[in-house]
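Data first, discussion second: the structure below is written as C-alpha coordinates.
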Amino acid sequence: MNRTTMRLDFHRLLPIASFLLLTAPYAATAQEPEPVAGWMAALGLMQFELDGTGLAPMVALRGGTPLSSVLLLEGSMAAARPEQTTGTSSVLIPEAQLQLSLPFTSVSPYMGLGAGAIVDFKNTDSGGTQLDLTISGAVGLRVWIGDRFGLGFEFRGRGIGADFERNTGEYIVGGNLRR
6 MNRTTMRLDF
16 HRLLPIASFL
26 LLTAPYAATA
36 QEPEPVAGWM
46 AALGLMQFEL
56 DGTGLAPMVA
66 LRGGTPLSSV
76 LLLEGSMAAA
86 RPEQTTGTSS
96 VLIPEAQLQL
106 SLPFTSVSPY
116 MGLGAGAIVD
126 FKNTDSGGTQ
136 LDLTISGAVG
146 LRVWIGDRFG
156 LGFEFRGRGI
166 GADFERNTGE
176 YIVGGNLRR
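Numbers in the working numbering are just positions in the sequence shown, counted from 1, shifted up by 5.
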(Lines of atoms letter the chains of each structure in order from A; the text may use other names.)
(Lines give C-alpha, C1' and ligand atoms only; values in the text may rest on other atoms or scores of the structure.)
Protein backbone atom coordinates (compact mmCIF):
# COMPACT_ATOMS: atom_id res chain seq x y z
CA MET A 6 0.00 0.00 0.00
CA ASN A 7 1.46 3.35 -0.97
CA ARG A 8 1.09 6.66 0.86
CA THR A 9 -1.67 7.92 -1.45
CA THR A 10 -3.86 4.87 -0.82
CA MET A 11 -3.29 5.09 2.96
CA ARG A 12 -4.22 8.77 2.90
CA LEU A 13 -7.42 8.05 0.98
CA ASP A 14 -8.40 5.28 3.43
CA PHE A 15 -7.82 7.60 6.40
CA HIS A 16 -10.00 10.32 4.82
CA ARG A 17 -12.82 7.78 4.34
CA LEU A 18 -12.58 6.50 7.92
CA LEU A 19 -12.45 9.91 9.60
CA PRO A 20 -16.15 10.82 9.01
CA ILE A 21 -17.27 7.34 10.09
CA ALA A 22 -15.16 7.45 13.27
CA SER A 23 -16.42 10.97 14.06
CA PHE A 24 -20.04 9.87 13.62
CA LEU A 25 -19.54 6.87 15.91
CA LEU A 26 -17.90 8.99 18.62
CA LEU A 27 -20.62 11.64 18.52
CA THR A 28 -23.50 9.16 18.66
CA ALA A 29 -22.02 6.75 21.22
CA PRO A 30 -23.86 6.56 24.57
CA TYR A 31 -22.17 8.35 27.45
CA ALA A 32 -22.92 9.34 31.03
CA ALA A 33 -24.48 12.77 31.31
CA THR A 34 -22.45 15.07 33.53
CA ALA A 35 -25.56 16.86 34.81
CA GLN A 36 -26.78 13.64 36.41
CA GLU A 37 -24.82 13.60 39.64
CA PRO A 38 -25.39 10.89 42.26
CA GLU A 39 -27.90 11.49 45.03
CA PRO A 40 -26.56 11.65 48.58
CA VAL A 41 -26.51 8.37 50.50
CA ALA A 42 -26.58 7.53 54.19
CA GLY A 43 -23.20 7.52 55.87
CA TRP A 44 -21.02 8.02 58.94
CA MET A 45 -18.17 10.32 59.90
CA ALA A 46 -15.67 9.88 62.73
CA ALA A 47 -13.69 13.08 63.31
CA LEU A 48 -10.97 14.71 65.39
CA GLY A 49 -10.43 18.41 65.77
CA LEU A 50 -10.22 21.49 67.93
CA MET A 51 -13.03 23.14 69.82
CA GLN A 52 -12.65 26.87 70.37
CA PHE A 53 -14.81 27.71 73.37
CA GLU A 54 -16.25 30.58 75.37
CA LEU A 55 -17.85 28.81 78.31
CA ASP A 56 -16.63 29.59 81.83
CA GLY A 57 -13.38 30.86 80.32
CA THR A 58 -12.02 30.74 76.79
CA GLY A 59 -9.55 28.56 74.95
CA LEU A 60 -8.98 25.58 72.69
CA ALA A 61 -9.60 21.93 73.52
CA PRO A 62 -9.13 18.73 71.51
CA MET A 63 -12.41 17.09 70.55
CA VAL A 64 -13.91 14.02 68.90
CA ALA A 65 -17.19 13.71 67.00
CA LEU A 66 -19.28 10.91 65.55
CA ARG A 67 -21.88 11.91 62.96
CA GLY A 68 -24.39 9.93 60.93
CA GLY A 69 -26.59 11.22 58.13
CA THR A 70 -29.47 10.02 55.99
CA PRO A 71 -30.80 11.70 52.82
CA LEU A 72 -34.25 13.31 52.83
CA SER A 73 -34.07 14.33 49.17
CA SER A 74 -31.51 14.73 46.40
CA VAL A 75 -29.91 17.72 48.20
CA LEU A 76 -31.11 17.54 51.85
CA LEU A 77 -29.50 15.41 54.56
CA LEU A 78 -30.61 14.89 58.16
CA GLU A 79 -27.58 14.41 60.42
CA GLY A 80 -27.34 13.27 64.02
CA SER A 81 -24.15 14.10 65.89
CA MET A 82 -22.38 13.52 69.19
CA ALA A 83 -19.29 15.58 70.01
CA ALA A 84 -17.11 15.41 73.13
CA ALA A 85 -14.32 17.60 74.53
CA ARG A 86 -12.52 18.38 77.81
CA PRO A 87 -12.10 22.16 77.98
CA GLU A 88 -9.97 23.80 80.68
CA GLN A 89 -12.34 26.39 82.13
CA THR A 90 -11.80 28.92 84.92
CA THR A 91 -13.50 26.47 87.29
CA GLY A 92 -11.27 23.56 86.18
CA THR A 93 -11.34 20.93 83.48
CA SER A 94 -14.78 19.55 82.66
CA SER A 95 -16.20 17.01 80.23
CA VAL A 96 -18.57 18.35 77.57
CA LEU A 97 -20.99 16.28 75.46
CA ILE A 98 -22.93 17.88 72.59
CA PRO A 99 -25.75 15.83 71.00
CA GLU A 100 -27.30 17.57 67.97
CA ALA A 101 -29.49 17.15 64.91
CA GLN A 102 -28.81 19.19 61.79
CA LEU A 103 -30.48 19.67 58.41
CA GLN A 104 -27.84 20.04 55.69
CA LEU A 105 -28.08 21.33 52.14
CA SER A 106 -25.55 19.30 50.13
CA LEU A 107 -24.42 19.58 46.53
CA PRO A 108 -23.79 15.89 45.72
CA PHE A 109 -21.16 16.08 43.00
CA THR A 110 -19.39 12.87 42.02
CA SER A 111 -16.27 13.14 44.19
CA VAL A 112 -16.72 16.39 46.16
CA SER A 113 -19.81 17.38 48.17
CA PRO A 114 -19.84 20.87 49.70
CA TYR A 115 -22.57 21.45 52.28
CA MET A 116 -24.00 23.88 54.80
CA GLY A 117 -26.30 23.08 57.68
CA LEU A 118 -28.44 24.45 60.47
CA GLY A 119 -29.30 22.52 63.61
CA ALA A 120 -30.22 22.37 67.27
CA GLY A 121 -29.25 20.26 70.23
CA ALA A 122 -27.90 20.48 73.75
CA ILE A 123 -24.63 20.86 75.59
CA VAL A 124 -24.04 18.90 78.78
CA ASP A 125 -21.14 20.34 80.79
CA PHE A 126 -20.10 17.85 83.49
CA LYS A 127 -18.41 19.98 86.18
CA ASN A 128 -17.54 18.99 89.71
CA THR A 129 -19.98 19.99 92.45
CA ASP A 130 -17.69 22.79 93.70
CA SER A 131 -18.00 24.43 90.24
CA GLY A 132 -21.79 24.28 90.10
CA GLY A 133 -22.30 20.68 89.02
CA THR A 134 -23.61 19.51 85.67
CA GLN A 135 -25.11 22.18 83.39
CA LEU A 136 -27.52 21.50 80.51
CA ASP A 137 -28.29 24.13 77.85
CA LEU A 138 -29.94 24.40 74.42
CA THR A 139 -27.67 24.93 71.38
CA ILE A 140 -28.25 26.30 67.88
CA SER A 141 -25.56 25.51 65.31
CA GLY A 142 -24.51 26.30 61.76
CA ALA A 143 -21.98 24.34 59.71
CA VAL A 144 -20.08 24.56 56.44
CA GLY A 145 -18.09 21.62 55.18
CA LEU A 146 -16.74 19.54 52.38
CA ARG A 147 -16.87 15.78 51.82
CA VAL A 148 -14.19 14.47 49.44
CA TRP A 149 -14.85 10.91 48.26
CA ILE A 150 -11.93 8.57 47.59
CA GLY A 151 -13.69 5.70 45.85
CA ASP A 152 -17.28 4.56 46.23
CA ARG A 153 -17.46 4.16 50.02
CA PHE A 154 -14.62 6.05 51.70
CA GLY A 155 -13.80 9.72 51.97
CA LEU A 156 -12.51 12.62 54.03
CA GLY A 157 -14.58 15.33 55.67
CA PHE A 158 -13.60 18.88 56.59
CA GLU A 159 -15.97 21.07 58.61
CA PHE A 160 -16.38 24.21 60.65
CA ARG A 161 -19.36 24.27 63.01
CA GLY A 162 -20.30 27.33 65.08
CA ARG A 163 -22.64 26.99 68.02
CA GLY A 164 -24.56 29.43 70.22
CA ILE A 165 -25.36 28.19 73.72
CA GLY A 166 -28.32 29.14 75.91
CA ALA A 167 -31.25 31.47 75.22
CA ASP A 168 -29.03 34.56 74.95
CA PHE A 169 -26.03 32.89 73.21
CA GLU A 170 -23.70 34.31 75.89
CA ARG A 171 -21.58 31.18 75.55
CA ASN A 172 -20.44 29.61 72.29
CA THR A 173 -18.16 27.08 70.66
CA GLY A 174 -16.58 26.64 67.26
CA GLU A 175 -15.38 23.29 65.91
CA TYR A 176 -12.67 22.73 63.32
CA ILE A 177 -12.66 19.05 62.38
CA VAL A 178 -11.17 16.56 59.94
CA GLY A 179 -12.56 13.06 59.72
CA GLY A 180 -13.08 9.86 57.81
CA ASN A 181 -16.38 9.26 55.99
CA LEU A 182 -18.01 5.92 55.22
CA ARG A 183 -21.02 5.61 52.88
CA ARG A 184 -23.53 2.82 53.46
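Every residue gets a Cβ at the ideal spot worked out from N, C-alpha and C, and that includes glycine. For clarity, every value in this text was computed on a predicted model and none was experimentally measured.
Supposed contact pair residue j and residue i - C-beta distance, whole angstroms, cut 8 angstroms
| i | j | result |
| --- | --- | --- |
| G186 | G162 | Nothing about residue 186 can be read from this structure; the chain reaches only from 6 to 184. |
| M63 | M51 | 4 angstroms |
| G69 | L77 | 5 angstroms |
| G57 | T93 | Actually they are not in contact, since the Cβ atoms of G57 and T93 sit about 10 angstroms apart, beyond 8 angstroms. |
| W44 | L182 | 5 angstroms |
| L48 | I177 | 7 angstroms |
| L103 | V75 | L103 to V75, Cβ: 11 angstroms. No contact. |
Environment of residue i [buried if 16+ CB atoms lie within 10 Å]
| i | result |
| --- | --- |
| I150 | exposed |
| T139 | buried |
| L53 | For clarity, residue 53 is Phe in the given sequence; the question names Leu instead. By the 10 Å Cβ count, F53 comes out buried. |
| R171 | buried |
| D125 | buried |
| E159 | buried |
| A85 | buried |
| R184 | exposed |
| E88 | exposed |
| L55 | buried |
| V185 | Only positions 6 to 184 of the chain appear in this structure, which leaves residue 185 out of reach. |
| G133 | exposed |
| T34 | With a pLDDT of 48 at T34, under the threshold of 50, the modelled position of this residue cannot be trusted, and the question is left open. |
| G59 | exposed |
| V96 | buried |
| A65 | buried |
| G61 | Note on residue identity: the sequence assigns Ala, not Gly, to residue 61. Buried, by the Cβ-count rule. |
Limits of the unbroken beta strand (DSSP E) element including residue i
| i | result |
| --- | --- |
| P62 | 57-71 |
| V96 | 95-106 |
| S141 | 135-149 |
| V178 | 171-183 |
| G117 | 112-126 |
| A83 | 76-85 |
| G162 | 154-165 |
Below 8 angstroms, can you find three or more Cβ-Cβ pairs linking the region 141-148 to the region 114-123?
-> Note that the region 141-148 touches the region 114-123; at least 3 beta-carbon pairs, one per stretch, sit closer than 8 angstroms.
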